[in-house]
Each structure stands twice: as structure tokens, then as C-alpha cells.
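Colleague:
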Amino acid sequence: MSEIDRSGTAVGANSLSKSYEPQQFETRIYQSWLDQGCFEAKDQNAPGQNAFSMVIPPPNVTGVLHMGHALTNTIQDILVRWHRMMGDNTLWLPGTDHAGIATQAQVEKQIAKEGKGPTGKPLTRHDLGREAFLARTWKWKEEHANTITGQLKRLGSSLDWKRERFTMDEGLSQAVREVFVRLYEEDLIYRGERIINWCPRCQTALSDLETIPTERKGHFWHIVYKIVEADGVTPVKNADGTPAELVIATTRPETLLGDTAVAVNPDDERYRHLHGKQAVLPLLGRLIPVITDSYVDKEFGSGGLKVTPAHDFNDYEIGKRHNLPFISVMGKDGRITPAGGSYAGLKFAEARERVIQDLKEAQLLVKTEDHALKIGLCQRCENIAEPIVSKQWFVKIGPLAKPAIEAVESGKIQFSPKSWEKTYFEWMYNIRDWCISRQLWWGHQIPAWYCGHCQEVTVAREAPTKCPKCGAAASELKQDEDVLDTWFSSALWPFSTLGWPEKTRALETFYPTSILETGFDIIFFWVARMIMMGIHFMGDVPFHKVYLHAMVRDEKGDKMSKSKGNVIDPLVVIDQHGADPLRFTLTSMAGQGRDIKLSVDRVENFRGFCNKIWNATKFFHLQFDALKDKGVGIPADFDAEKWLLGNLPTLLPQNRWILSRLQVAIARVQKGFEDFELNESAQALYEFSWHEFCDWYIELSKLPFREGGDAAQQSIYTLHYVLETVMKLMHPIMPFVTEELWQSLPFKRVVQKPATIMLQPFPKANAAFTDSESEQTIAALKSVIEALRNFRGENNLSPKVEFPVRYRAGSVGADTFIRLHSADLQALSRVSKFERIEGDHGGGSGGSSGEAIIPLTNPPVELRISLAGLVNVEEESKRLVKEIEKVSEDIAFVQRKLSQETFIAKAPKELVEKERKREGEFVAKRQELQAALERLKALVK
RNA sequence: UGGAGUGUAGCUCAGUGGGAGAGCAUCCCCUUCACACGGGGAGGGUCGUAGGUUCAAUCCCUAUCACUCCAACCA
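The end of the first sequence is residue 942 by the working numbering, with every number in the run present.
#1: Under 8 Å by Cβ, that's how I've got A280 and V263 pegged, so tell me the actual separation to the nearest angstrom.
#2: Using the three-state DSSP reduction, which class does P805 fall into: helix, strand or coil?
#3: Taking just the CA atoms, how far does D371 sit from E477?
#4: Where does L912 land, buried or exposed, given buried means 16+ other C-beta within 10 angstroms?
#5: If you follow the beta strand (DSSP E) that A464 is in, where does it begin and where does it stop?
#6: What does the Cβ neighbour count give for H822, buried or exposed, with the cut at 16 atoms within 10 Å?
#7: Tell me which residue opens and which closes the alpha helix (DSSP H) that P201 is part of.
#8: Indicate the three-state DSSP secondary structure (helix, strand or coil) for S158 in the structure shown.
#9: Could you tell me which of P123, T466, G472 and I447 sits nearest to V460, measuring between CA atoms?
#10: For S595, count neighbouring Cβ atoms within 10 angstroms of its own Cβ and tell me buried if that reaches 16, exposed if not.
#11: To the nearest whole angstrom, what separates the beta carbons of H223 and L366, a pair I think is in contact under 8 Å?
#12: By Cβ distance below 8 Å, which residues in the same chain neighbour V604 in space, the five residues on each side in sequence not counted?
#13: Can you name the residues that DSSP bridges to S54?
#14: Grab the span of the beta strand (DSSP E) containing D316 for me, first residue to last.
#15: Consult DSSP for S690 and reduce its assignment to one of helix, strand or coil.
#16: Classify H99 as helix, strand or coil using the three-state DSSP reduction.
#17: As a quick exercise: from R29, C200 and H127, pick the residue whose alpha carbon is nearest that of S391.
#18: What's the C-alpha gap between D269 and G233?
#19: Would you mind reading off the limits of the alpha helix (DSSP H) that contains L760?
#20: Is it buried or exposed, Y185, if we count other Cβ atoms within 10 angstroms and call 16 or more buried?
#21: How big is the Cα-Cα spacing for E688 and T858?
#22: With three or more C-beta pairs closer than 8 Å as the rule, is the region 699-718 touching the region 616-629?
#23: The alpha helix (DSSP H) spanning L649 covers which residue range?
#24: Give the DSSP bridge partners of S18, in chain order.
#25: Short check: CB of T104 to CB of W527, under 8 Å?
#26: Going residue by residue through the region 514-539, where are the continuous beta strand (DSSP E) segments of at least 3 residues, counting only ones entirely within it?
#27: Please classify D576: is it buried, with 16 or more other beta-carbons within 10 angstroms of its beta-carbon, or exposed?
#28: Go through its chain and collect everything with a Cβ distance to P469's Cβ below 6 Å, but skip five positions before and after it.
#29: In the DSSP assignment, the beta strand (DSSP E) including W697 goes from what residue to what residue?
#30: Heavy atom of the ligand ATP less than 7 Å from the Cβ of T739, yes or no?
#31: Taking C-alpha atoms, which residue in G101, A906 and C611 lies nearest to R439?
#32: What does the Cβ neighbour count give for A42, buried or exposed, with the cut at 16 atoms within 10 Å?
#33: In angstroms with no decimal places, state the Cα-to-Cα distance between D209 and N198.
#34: Alpha carbon to alpha carbon, what distance is there between V308 and L258?
#35: Using only alpha-carbon positions, find the residue among E935, V802, R750 and G632 that is nearest to L871.
#36: Quick check on DSSP: helix, strand or coil for S295?
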């Protein structure tokens, strides 16, 4: 079914503003898409239809759009719009993430500003209580959620808003509880006392991923541990009779308070006599065993290692291997615990100073040197996170990781660029159990209840009405106060958003999703965990392709950050230049494997591109209106493509040419989208629309339009058809401007209702339009025009100055060519007339002095321009000399090649032939140029 | 320490086994009836360095340097 719309919305050139002004229409157009339900997917595919689905990487609900969002959402929107136009049942599902720590921190900051608590300190969440604080946070969420979603709309994202989800909405919370309970029942979730990263400032546990290893300048302190016999008193002697001691270097001297052993390598001969002895812990005097463990590197430092199992991940492992006591000296409050003796109550940094001071005084510090150390910073607040031992909930990750590894190994999931697979494997092979409990309030509270009566734990989907273990009343049960890591709920995103655990139609239609597009910085946080959860709970991978885009940086290549003040705000850019230019810029730079260095200059350039398209459309309207005034009619139910195909042989060469070139553009754009090389598509569109369509086609169409009649009519059809096709091709990348312009077209085809470009079929290349003959003709035309423009430019001739050109044709065909196209040639090169030189078949020797001579090979003609009154002879001589030099270089190059026997023997014959031919052409050209130069010289004398 | 990526015109980036391209910036000419958010012309690069394969290398291989990112248990 098709319908021609050529009245209602058809607007003349006058209705399009003078230039591209995106502010005039972007918001209106987005609203019209929403009103018409254009973004909505169907739960069930139509017969023969494919589903295409993607989930948005949910931005933080209280976040603000940054360039990274702009990039990922532009890319995703392109894919989605393209698939929609290809006829797929297309779902792009929106939503936001509750972002536990980030959101809670913002609300805490707000209440702190509001007043003082009972102790006179700023209000904290504890002053409000859990319930009131959560109410505040929900309110905050309601107030801020629209910010980011509104910004996504400004960008043009065609998300199915009716399906918008939030990681803490009822459905997703149910999914979270379901997953937690099932994993618990399968022994894949457990609660245990383990070493974890703790942020003393945020007062919560963090996963390994949430601490950023950072290099800081520090020191190596060499500390003496004296060695005694088992009795704890008698010094052990070295072979030479001196008292045995172990000098151990550390970057964190304060941790010695929690040392429970010192270790040496079992094969270290130097310390064999210390095996089984005791070390005296400096300052505290506690006796700790000397143990042997192959983890210790003999070559490093003194070969001795202090072991602090409660505050170091490696020491923790050693401690477990050797059944060492775990002494927690660093408390959750950031201060030394009572186990730290006289250091108790000191902040960690203070304790370090005191320990060093005391060691010095006890003469146990033998050396201090500079050393860089690695510390873990809290991802959120950038304070130092300390490893401490604490009771937390964990996901036993090994059994989940195994199939997730296999999915990528087998190619069931493919990463692009492929190199990221290596990174993925590396992490997955060495994955550690995932600490999922957080000591926060904002999040999914852990569905575990502790019975005050029998002390048992109950994990359940809903709050139990009595203790299932001992039958105690609900009042005895207390729910775990902790909440889950935010990423726990995001891991379920591809299926929880589609209604899981219910078996919904949507789930059936859209899972697995087609593609995941995201940043490489969340491969571990998000991608890997979605793969694990998807396979475990859905029995299938959540997606088959993972596309990872680059990072957006500023024009100098620095990371954008508020503190550096180099942030380019996408919304400001959209306000100033429009969403389409920003989208086009990001797309054209989104080649994989390279960071995107964004500059506003670039956006301005593409704004110029939008303006160019805008004005090309205005040109169409101008011509169309003029034709209408002359009474040139358009047949009812007009199908331009059909008409053009039917009348192909009678079309003007430029019309056939642009139709032919259009097919190449369509193929390039399509291939770019298929291969996920969106920058290729963008480039193809840019080159075709600007440099072929605008630069040449529109210029060449002006004559037929002036001429009127059939020539004008077929040209207006061609112009319309090409414009409409280009609009559709560009639409996925630049949705707004293409919709606005498409709506203005008088006989656009509405194949699919509602009448919006975003639902019309994406163009397909049609070989019937391919036309090598017209391509050849226009190439020849361009070469004559360019030669004349070059002559004009080199001699600084104003376009106002018109001059006649005499020509000598090298063949009958060339003569015909010039005569046939003299009008076009004259118009585009501003030549007053072309005059053929009769007779004189003597080759390049003819012509009077005082003429510029421009020899061409395709078409084989020689152009002559009388210099009298036009240019000064010396200028023209310079141009000639330059030309001659250029040709001479060409000749030398070709001859060098042809003089090599191996080249003649081994290179393809066609190539050799081609080079020979070129040699001949070059030599002839040089002769003519030289002859012209001679005559000019004669003139000067 | 491992892994990956990048190195092409002043800047930002495309690109290909057969003589190096675009946009911006620079210089010159133009308000010519779609567009000065424009048109035309010009200058500018031994395609990081050194070897190798090939008739032919900016492209393939090897080494090397520089920068960037990722993962790391050397206290």
C-alpha cells in the first residue's frame, strides 16, 4: 500500500527558513514521534518479521547526560532506527539505575546542608532513620529522574518509553529477590567472614572492582624483627654468633600491629636456621611464628615478609594456609581498634606516624627509602579503601563464570573489537567471589532474616510471617540491614526488564537481545555479570554481539573531567548547534579502536553540512514552485522511482549520472551499518551529498531548469527522488533534520503509516540505475571544467571575467562531446563561448603566441585561451613551468618503472600496458606545454 | 611485569600491495539567481625509526622507539 502525500504538509520553499535552525523543529518533531507511537515495539512479531532488541545501559537515575552517554546513545539509536526502517520489530528499552552509593551520597549531602543533628554536627541519615531517609531518597529520585531521560530525548533517542524501567521498581525488585533466593538455594550465595575492601568514609564494603588501584609516592620502611627460640626469650644465633634477626621492608608500617607471623621462602638457605622459631613483633612485643611459604620471593628485599592476614589480600591467603590468627587492628571507623594496644583510637595516618616514630626510638627502623606504592581508592569518594576482614554476603562466582567463559570461547558471544575478548578471559579466569552486600540504605535490601530466638538465617522471596526454623513470631525476625551491590540488579537487566520471572510474551520475543553496545570500562562490572546471570537464569546468553565504543576525550586527548574544566556538555552543544550535527560528529569519529577527541569546531563543520542539505532542499522547492507556476503538472499517484526507471534511456546524462552514483552511496551506507562501521556510512553520506549531489548535480541541473519543458520535468523528478532517498539514508544518523525536510517534500512516498520518515523502508541499491556511460561523460565534463577553474584560480581571475575558449579536438568524439555539452561547460566554468579550431592537424605545434594552452587527455582536447587583456604573460609562464615540472616528474616516475625488466616480466600485463599508455600521454602533454611556453617567451622578447 | 591499541599535512582523523586523502586552520579570488553555516583556487606529508618479503610497501613480516589504555599478589 502506498499513498502520495502532496498537499497537506507540502510546503513551498518559502516555508523553509533561510537556513538550518534546529531549535525551530527538534522538540516538535520528537513530540510528534511520541504522539504517533513511532518508538513502540510489538510484543509479538508480525508474520515473517524479525525482532531486533537492545537494552540501554541504564544511566544513573540522578545523573546528567555527558558525552559518553551521547556517544553510546547515538550509536544505539542509529542501529535501532536503521533496523526499524528495515522492517524489524524493533525494541530499544529505556531505563535508569538506582546507583546505590552515588544517589545515597547526594541525598546525604543535601540533608547535611539542611541542618544540625542533636550532637551539633550536620544531619546524617542516622538522624532521620532508615524509613524517613528512604522516603527522602525516593522523592529525590522522582524529582531528578526526568533530567537524564529528558536529555536522552533531546538527543533524539527513539526509546520505547512505555516500557521504561527502573532497577528498584516493583518488577525488578521481585526479579532481584528471586535471583538471590535461587542462588542461595543453589549454594551460590553465602554469607561469610572474608577480607574485603572497606571504605571508611562511605562506611561500606566495596567489591574488588569498586576500588581503583592508584599509585602514590610512599616509602619503604625496613623494620627489624628479632628472632627467639620457642621459649620466647633465648635469642637465636647466626652461624657467626651474632643474634639472628629478620629485616622486613614494608610500605604500610602501621599494619605491623596486626602481624601474626613472619614468613620466609622454604628454600631460602639464609634463613634455614630460623624455621620454627619465633619473631618478636616490634613495639607490641607479641611473639609470632616464623613460617615458610613459597609465596615469598627470595630475591625481593631481604627475603622476609611480615604477614598481616586481616589487612592484606595476599596475607589473608597465607593466613588461611597456615591457620594464623586474624587480628583486626584497623577498624571500620578508620581508626585503630583496641587490638592495636596503645595505638587504639588513632586514625590510620596518625598511627603510621606514631609507629614510625616509636620504631626509630626503639632503633628497630634500619632504613627508609622512597618507594611508589599501590593503594586502593574508593571509586566513589576517592578516599583510601582498606582491606579488612568482615562478615559479608558473597556470590560464589566460579560455577557462574565457567559457562560465561565458554559462551565467548565458542563464539556464541562475540566482542568487537575482538581484542577485548582477551581482557574478558583474563578477568574471568582469575575471578574472585563477588562481595554483594553494601552497608547502605538505598538499594535492594537483602532478603535474609535472622531469628532472635533460634539465631537461624532465613532467605526468602517475601518477609516470613514466622521463623520457619523454630516457629518464633515475626517480631523475633529481623531483616538483614544491608543492601545489594547496584550491579547485582543491573546484571539482570536484559531479562528483568522484559518481565522475568514471569514468562512474558515480550521475553519470548526479545530475549536474547540482538546487540549490546556499551563502553569497555564496564565489561567486568556489567557485561560479564549479565552474561553469567543470563546464562544461569534464562538458559541462554543475553546477547550475541558486544560492541564496545571508544572513550570521548577533549580535543587535546585528555579525559573530560569537571575538575579540569574541559567538559564539553552535550546539551550546550545541542542548544547551540542542534542534535543532528552532534550525532553526525560522534558517528563520523566513532571508528573502533581509537579514542574520540571531540572539539566543538568539528560539530560546527557538520552543522554546515546540515545547512547544506537544508539549502539543497530549498533549491528543490524553488524549482518545483517555479514549474508549478508554469503549469507543469505531476501525475496523480506519482512514483518517481518507477517513472525514472521507465524513462531511463531518455534521461539527461547528469540525471542518469546522479542516479548511478546514488546506488554506490546506498551500498556504502548499508555496508557501513551492517559491518558496524558507522563512520564509513557517515563518510559516504557526506561525500555523496556534498561533493557529488550539491557540488555537481545541482549545478548541472540549473540549465535544464532554466530551459524548462521535458528537461526540467525529468530533472525535478530526479532531484526529488535523490533528495528523498538521501534523507532516508541519513535518517538513522540525523533524525531531526531529515524528518523536517522529508515532510516538506511534495510527492514523498508514504509506504508505511504514520507518515514519518522514520518508518519508511530503508533504501536498497538498484543495479538498474547503474550507468557507466553517464559516469564517463560526467567525468569528462568535470575534467574540462576543473582545468578551466584551475587556470582561472592560478591567474587570480575573478569569476566575473568571462572569456572565450578555442579548442582543438583530438577525435571526432571529443568534438561532439564539447559541442554537446558546451552550455554546461560555459555555465560551470564561466566561459563566454567554445570555438572549434578548424583544420591544422599538425599536432601541438599550432596556435598563435599569446595563448594559454591546456592539454587534456580525457576528453582528448586542447583548450586555448587568448591572453590578451586577460592575464599577464609572466603569470601564465609560471603556471606553465609548474605544469611542466609536474608532468616531468610523472614521466620520470613512469619511465623508472618501465625501465625495470623485472617489472615488465612480473607485473600484471594490464598494468604494464597502462603504464606505457600513460608514458605516451605524459610525453605528448609535456611537448605541448613546452611549445606553449616557447611561444610565450618569444612574446616577452 | 603481562596484554591491547595508536603513531599519516600545523591540528583532528580517513585510507589502500601499484604514483598519499578529508575536515579545520593558512594564503589568494569571489556576496554568481540553494547555501558566506557558501563557491573557486593554492600551499603543506621521504605515511614513527631500522631491517625483511615482493617486480612494487604507507599498507604484509620482524625488530625498535614514543604515547595511551587495560589487567596485575612482589611485600
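Idealized CB from N, CA, C, for every residue including glycine.
Modeller: According to the data block:
#1: Indeed, because the Cβ distance is near 5 Å, the residues count as touching under 8 Å.
#2: Three-state DSSP puts P805 in a strand.
#3: E477 and D371 have their C-alpha atoms spaced approximately 56 Å apart.
#4: Exposed, by the Cβ-count rule.
#5: Taken as a continuous stretch (DSSP letters only), A464 belongs to no beta strand (DSSP E), as it is neither H nor E.
#6: Buried is the call here.
#7: Careful: P201 lies outside any alpha helix (DSSP H) and carries neither H nor E.
#8: The DSSP-derived three-state label of S158 is coil.
#9: When the alpha-carbon of V460 is set against those of P123, T466, G472 and I447, the nearest one is in I447.
#10: First, the amino acid is wrong: residue 595 is Arg here, not Ser. With fewer than 16 other Cβ atoms within 10 Å, it is exposed.
#11: The pair is a contact, with the Cβ atoms about 7 Å apart (cut-off 8 Å).
#12: Here the set comprises V574, H578, P582, L583 and T586.
#13: DSSP output for S54 lists L92 as bridge partner(s).
#14: From DSSP, D316 is part of no beta strand (DSSP E) but of the alpha helix (DSSP H) over F314 to R322.
#15: Note: S690 maps to helix in three-state DSSP.
#16: Three-state DSSP puts H99 in coil, outside helix and strand.
#17: Among R29, C200 and H127, the Cα nearest to that of S391 is on C200.
#18: Computed Cα separation, rounded: 23 Å.
#19: No alpha helix (DSSP H) contains L760, which DSSP labels as neither H nor E.
#20: Buried, because 16 or more other Cβ atoms sit within 10 Å of the Cβ of Y185.
#21: A straight line joining the alpha-carbon of E688 with that of T858 spans about 26 Å.
#22: When Cβ pairs closer than 8 Å are counted between the two stretches, the region 616-629 is seen to touch the region 699-718, the count reaching three or more.
#23: Counting along the chain, L649 falls outside any alpha helix (DSSP H), and DSSP gives it neither H nor E.
#24: Note: S18 sits in no beta bridge, so no partner.
#25: In this structure, W527 does not lie closer than 8 Å to T104 by Cβ.
#26: The region 514-539 contains these whole beta strand (DSSP E) runs: 514-520.
#27: Around the CB of D576, fewer than 16 other CB atoms lie within 10 Å, so the residue is classed as exposed.
#28: Result list for P469: T459, in chain order.
#29: Looking at the DSSP string, W697 is not in any beta strand (DSSP E), and its letter there is neither H nor E.
#30: For the structure depicted, the ligand ATP is absent and the ligand set is empty, with no information on it obtainable.
#31: Sorting G101, A906 and C611 by C-alpha distance to the C-alpha of R439 places G101 at the top.
#32: Buried: at least 16 other Cβ atoms inside 10 Å.
#33: D209 and N198: Cα-Cα distance of roughly 7 Å.
#34: One Cα belongs to L258, the other to V308, and the distance between them is close to 10 Å.
#35: L871 has its Cα closest to that of V802, out of E935, V802, R750 and G632.
#36: Here DSSP, grouped into helix, strand and coil, assigns S295 to coil.
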